[in-house]
Amino acid sequence: MEKRILFQKFSENFNIMDYTQSEAACLITQAIELLKGHKINQQEIELRLNYTSLSKAKNEVKYPSIIIEKKTRKEILQALFNEFSLFHNKENDRIELVSGRDLDGKPNDVQYFIMHYYAFARGVVDRALIKIMNKRKVVMDYRINEHWEGVYHVIESYTFIEVTKMGYSTPVKKLLSLFSGTKKYGHKYLLGTYSTVKRDGYPAAGRVILESASSEEKALQLLHEDSDYRIVSYLKNNVYLTKLSTPNTLDDIVSDHHKHYINLIGKYHIIVPAKSNTWNVKMLTIHKDFSATVEINNVVYYGDSNFINVNVLNIVFTRKNQDGLTIRKQILNLNINIRTSSSNHIFTCTASSPIIHGTPSAFSAFLVPSEFYKPQLLNKLKHNLILGEPLG
């Protein structure tokens, strides 16, 4: 309390707005040098201010812009004074430290979280301990030998954690983006994503879950317990990697699968077996963005296309609920043999559906480019339908 009153007393002796930008730049330089004398380097200063352009802010000659990284030099100087309890002694024209101030910034507010994540290289869901101090500084320690430090801030309904660790020669960064909603603090769980560079150099991204702990003792207990099976289910295999390349053209990033896919774009008649050895013929379209549509009983369903291997294209058609956010309901799963087609341009398929036949079913289907479809083709096809009916 005494420190706060003392700082307020010194603060009353100056007004940041009285300084010019040049004077503010000089005082920023003095403040940084003072803090370095107390073994607080510029990187730590930037972390505590959540501001990364101090080098530009203190060099007005080279960087004359009034606003640097969305702040004026006067605002930066004010932030330095507030964070480290500094003041400008006008009589001696120097930056000084308020008497009795502890520059170590010892936290009086610490939040503990366990971060659950999918460890791609080891194929397991693992955990890390996160400490958030004074709603600003972050320390992250993995169960493996990795230590990260950084900053934490909340912007509207979102929480961001940016941390850094030293790599073999240069720093490596990781960004966590989490949804916190209108209630910014105190959630038991937070869902989000991370992005970083893996140990082998590949840029990577994936899901995370942050689970809060009431104390450091409880956090350490959770750190060494297995993640809940529901957390494992949510996180498993949700990791995305990019290539280590800088393509000159878009052709450099496509795979052989994509080249096969381009040849399949178009409109088709899909021939599906019905009961009593009859056939149903539907309209199916494969689009260039790896999506597909099929019309069943005057309803259009949407599908996602993926290659199982170079020979088989899988399309899963689904129905979304009205909110578009709930789990999609599968309508039709189609595996198409794209390697070869018959002399009549017929592609053979294996398929399954929970609804097309009024009961779960598995069947052979056929895909024919619409320009080659003729009704008489149906007479040459083999009927193969298995219905998931109850045993008698």
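Residue 94 is where the sequence shown starts when you use our numbering, and the numbers rise one by one after that. Think of the CB as a built atom: it goes at the ideal place given N, C-alpha and C, for glycine as much as any other residue. Values in this document were obtained by computation on a predicted structure and should not be read as measured data.
For the candidate residues the options, whose alpha-carbon lies nearest to that of residue i?
i	options	result
Ile401	Asn426, Lys336, Thr289, Asn391	Asn426
Trp372	Leu460, Arg300, Gln136, His350	Leu460
Lys163	Pro483, His181, Leu147	Leu147
Ala367	Leu142, Lys475, Glu139	Lys475
His350	Ser288, Ser338, Phe383, Leu480	Phe383
Glu137	Lys224, Tyr394, Leu173	Leu173
Glu309	Ile188, Pro468, Leu222	Leu222
Tyr282	Ser307, Leu377, Pro264	Ser307
Ile379	Val365, His353, Ser369	His353
Ser369	Arg141, Leu478, Lys422	Leu478
Leu271	Val387, Leu303, Lys422	Leu303
Ile448	His438, Lys473, Lys422, Pro483	Lys422
Asp111	Pro483, His181, Leu337	His181
Would you mind stating whether residue i and residue j have Cβ atoms separated by less than 8 Å?
i	j	result
Leu179	Ile121	no
Glu239	Val232	no
Thr286	Ser250	no
Ile424	Phe410	yes
Arg166	Ala124	no
Ser463	Tyr361	yes
Asn391	Asn399	no
Ala150	Ile161	yes
Ala298	Ser288	yes
His209	Val203	no
Glu176	Arg141	yes
Rounded to the nearest angstrom, how far is the Cβ of residue i from that of residue j, given a contact under 8 Å?
i	j	result
Ile363	Lys375	5 Å
Ala312	Ile237	No, Ala312 and Ile237 are not in contact; Cβ-Cβ is about 17 Å, not under 8 Å.
Ser273	Val247	6 Å
Tyr211	Leu328	5 Å
Pro296	Thr335	5 Å
Tyr245	Arg229	6 Å
Leu480	Ser454	5 Å
Asn428	Val405	5 Å
Val393	Leu377	That pair is no contact at about 10 Å.
Gln114	Glu168	Between Glu168 and Gln114 the Cβ distance is about 11 Å, and since that is not below 8 Å, they are no contact.
Could you check if residue i belongs to the surroundings of the ligand ATP, using beta carbon to heavy atom distance under 7 Å?
i	result
Leu127	Annotation note on the ligand ATP: not contained in the displayed structure, which lists no ligands.
Spell out the partners DSSP gives residue i in its beta bridges.
i	result
Phe272	Tyr251, Leu284
Met226	Val203, Lys230
Glu482	Paired residues: none, contrary to the question.
Gln423	Thr411
Tyr333	Ala298
Ile364	Val374, Phe459
Asp397	Ser384, Val409
His240	Asp234
Cys442	Ile429, Ala458
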